[in-house]
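Step one of this worksheet: look at the structure below.
In the working numbering, the protein residues as written are 9 to 102.
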């Protein structure tokens, strides 16, 4: 690969990483607003399968009252920080 080709590749990779970090930050802020102080075990973002400006995401929360781990999927629009189409996909005991 030429120096110019390598530079373009590195630039594109850094730009993609910066965009993903921004999406992660906005999602983290939106999760705090949407799910409050619940016991969040983790979340995921599908960066490879997004429709235009929205991303498929998911979250796992431990329900302190029931002891169940609840997994949800949802769509996220980072430009406006909106989480929508929240759907329970699984609940199980630890």
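Each residue gets a CB set at the ideal place from its N, CA and C atoms; glycine is no exception.
- Judged by DSSP in its simplified three-state form, residue 87 adopts coil rather than helix or strand.
- Nearest Cα to residue 65 within the set 46, 56 and 72: 56.
- Assigned with DSSP and collapsed to three states, residue 74 falls in coil, not helix or strand.
- Residue 47 is bridged by DSSP to 70.
- Put simply, the backbone Cα of residue 31 is about 23 angstroms away from that of residue 78.
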